[in-house]
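Protein chains in written order, with UniProt numbering: chain Y, 1 to 201; chain G, 1 to 201. Every residue, glycine too, gets a C-beta built ideally from N, C-alpha and C.
There are 2 protein chains.
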Amino acid sequence: MGIAERKLRQREEVRNLILETAWEMVREEGWQALSIRKIADAIEYSVPVIYDHFENKEAILLEFGKQGFGILTKKLAQAKKKHDDPGAQLKAIADAYWQFAFNNKEYYQLMFGLNMQACETEKVIPERGTFRRLVSEPIEKILNNHHRTDVNACMKYHTFWSIIHGLVSIKTLATGTEISDEVNKMVLDDAMTGFIKNLER
Amino acid sequence: MGIAERKLRQREEVRNLILETAWEMVREEGWQALSIRKIADAIEYSVPVIYDHFENKEAILLEFGKQGFGILTKKLAQAKKKHDDPGAQLKAIADAYWQFAFNNKEYYQLMFGLNMQACETEKVIPERGTFRRLVSEPIEKILNNHHRTDVNACMKYHTFWSIIHGLVSIKTLATGTEISDEVNKMVLDDAMTGFIKNLER
DNA sequence: GTGAATTACCTAACACTGTTAGCAAAATTA
DNA sequence: TAATTTTGCTAACAGTGTTAGGTAATTCAC
């Protein structure tokens, strides 16, 4: 039954076409500019065809969210692998996170923008758990190495994420700031050093 | 010429009515649900009347942004005033910031949400400068007290803001997290302690 | 090969957005 | 009282997400 397969393949092709076109629009005009009608126009299909492949607009965005988390966790895992010392690992993770956010502004904005309030990302995107484990592990190691039983790793994980996410959002959202990239990197590095020192007691 | 004055007063009244109604909607249904037509319906005027008082929807949101920054900076200034020690001041500021964000979720979301990318807030809202000075001053004091000339206060200010803004956004946006308020406070306190310790060398 | 069933796809609409042009009625001024 | 300004409205434009319903092509069973 080659026909059914071909049909499935064609369906997949249209689906990918939708995603590719949508992504192009996002990259060129931002999330705000993305519209079902524009996608339909661009792929030369009528509007309802898109709804044959995605339940609604949110579903398309969610797809990109998944992609984003996939890329991010991969990058973070790679960065971590390059070091053995947990402190160095944390710094490398922070650096990779930072890099990802600025090399993939569109992804980052979607991943941590308004979308989060709409859908419970944790259930839909399992990569978020991967991210947590990735960061928590070196934190736990440092805490163990320094015999710190007064704090738990979960708390520290949140602090870690807050520092870096806060920095990224401020830099991403606040267009008016006139700080150079080098200074930004220094801020991140300084914050990370402080965080790790505080872990070590 | 009492007539002209009365007219001006009436204009002001309608303007306030628009803002009050809009605020009520935002509080009850969130920013997303706010629409010019709904406001017009609620105040029992036609749609174009709203455009006599505000250039566009953005202008209404900006008004709330201004209000939000006004309240925030006031709260922060009050918190700072209660202490003399710059470290204690920073902690108090962080605490007040935290409190504001969660007692005024709507304001915070607007202030640091998508709005920022749309308009250059710094030029439109002078309070942002007040906020920066408020935080920078105790930071500079601590740095001076410990004879630290290797870092500048501006960098540290960004770190401070990042930590707290990151924490708030993660807590505000990520609905899926099951962390209790007490733990959240501990995270903030821990991060602040780390930040200040890192300031002191 | 022919008829039935399925699939693919489109047109057109619904119910919303923000925004504005143009007009009628009311209020103020001369 | 007549002219002018102000006030507020209706109705439209150009978008948005979403869906109901119908047509034409394709595939399947006989």
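If we define contact as Cβ-Cβ less than 7 angstroms, is residue i a contact residue for chain G?
i, result
"residue 68/Y", "no"
"residue 35/Y", "no"
"residue 191/Y", "yes"
"residue 130/Y", "no"
"residue 135/Y", "no"
"residue 194/Y", "yes"
"residue 198/Y", "yes"
Assuming residue i and residue j are in contact, meaning their beta carbons sit under 8 angstroms apart, how far apart are those beta carbons, in whole angstroms?
i, j, result
"residue 161/G", "residue 113/Y", "The pair is not a contact, with the Cβ atoms about 19 angstroms apart (cut-off 8 angstroms)."
"residue 134/G", "residue 80/G", "6 angstroms"
"residue 8/G", "residue 63/G", "With a Cβ gap of about 18 angstroms, residue 8/G and residue 63/G do not count as contacting."
"residue 190/G", "residue 155/Y", "6 angstroms"
Strictly under 7 angstroms for the Cβ-Cβ distance: is residue i near chain Y by that measure?
i, result
"residue 111/G", "no"
"residue 139/G", "no"
"residue 65/G", "no"
"residue 187/G", "yes"
"residue 144/G", "no"
"residue 118/G", "Note that residue 118/G scores a pLDDT of 42, beneath 50, so its modelled location is shaky; the value from the coordinates is reported in the next line. No, because no Cβ of chain Y sits closer than 7 angstroms to the Cβ of residue 118/G."
Which residue wins for smallest C-alpha separation from residue i, given the options the options?
i, options, result
"residue 199/Y", "157/Y, 71/Y, 32/Y", "157/Y"
"residue 188/G", "5/G, 62/G, 93/G", "93/G"
"residue 31/Y", "110/Y, 12/Y, 4/Y, 65/Y", "110/Y"
"residue 148/Y", "201/Y, 181/Y, 57/Y", "201/Y"
"residue 71/G", "100/G, 45/G, 53/G, 52/G", "100/G"
"residue 17/Y", "155/Y, 108/Y, 5/Y, 53/Y", "53/Y"
"residue 184/Y", "42/Y, 13/Y, 169/Y", "169/Y"
"residue 65/G", "78/G, 26/G, 37/G", "26/G"
"residue 78/Y", "107/Y, 11/Y, 126/Y, 131/Y", "131/Y"
"residue 103/G", "68/G, 127/G, 87/G, 85/G", "68/G"
"residue 182/G", "44/G, 98/G, 145/G", "98/G"
"residue 233/G", "29/G, 86/G, 145/G, 73/G", "Since the first residue shown for chain G is 1 and the last is 201, residue 233/G is missing from the structure and cannot be characterised."
"residue 29/G", "129/G, 128/G, 105/G", "105/G"
"residue 87/G", "146/G, 14/G, 150/G", "146/G"
"residue 51/G", "15/G, 85/G, 197/G", "15/G"
"residue 49/G", "151/G, 128/G, 11/G", "11/G"
Only counting the same chain, and skipping five residues up and downstream in sequence, which positions put a Cβ closer than 7 angstroms to that of residue i?
i, result
"residue 153/G", "136, 139, 140, 143"
"residue 22/Y", "34, 39, 60"
"residue 195/G", "159, 160, 163"
"residue 37/Y", "47"
"residue 42/Y", "21"
"residue 118/G", "Here residue 118/G scores only 42 on pLDDT, less than 50, and its place in the model should not be relied on; the value that follows carries that caveat. Hits under 7 angstroms: 58."
Just to confirm my understanding: we take residue i, look at its own chain, exclude 5 residues before and 5 after, and list those with CB closer than 6 angstroms. What are they?
i, result
"residue 76/G", "93, 96, 134"
"residue 83/Y", "89, 92"
"residue 45/Y", "none"
"residue 107/Y", "68"
"residue 5/Y", "none"
"residue 192/G", "91, 94"
"residue 180/Y", "none"
Output needed for residue i: all residues of its chain with C-beta closer than 8 angstroms, excluding positions within five of it in sequence on either side, in chain order.
i, result
"residue 3/G", "none"
"residue 150/Y", "none"
"residue 197/G", "none"
Quiz item: Using a beta-carbon distance cut-off of less than 9 angstroms, what residues from the region 154-174 of chain Y approach chain G?
Solution: Taken in chain order, the members of the region 154-174 of chain Y whose beta-carbon sits within less than 9 angstroms of a beta-carbon on chain G are 154, 155, 156, 158, 159, 161, 162, 163, 164, 165, 166, 167, 168, 169, 170, 171, 172, 173, 174.
Quiz item: Going along the region 1-18 of chain G in order, which residues come within less than 9 angstroms of chain Y, judged by CB to CB distance?
Solution: Under the 9 angstroms Cβ criterion, the region 1-18 of chain G contributes no residue.
Practice problem: Using a Cβ-Cβ cut-off of less than 7 angstroms, list which residues of the region 21-49 of chain G approach chain Y; keep chain order. | Solution: The residues in question: there are none.
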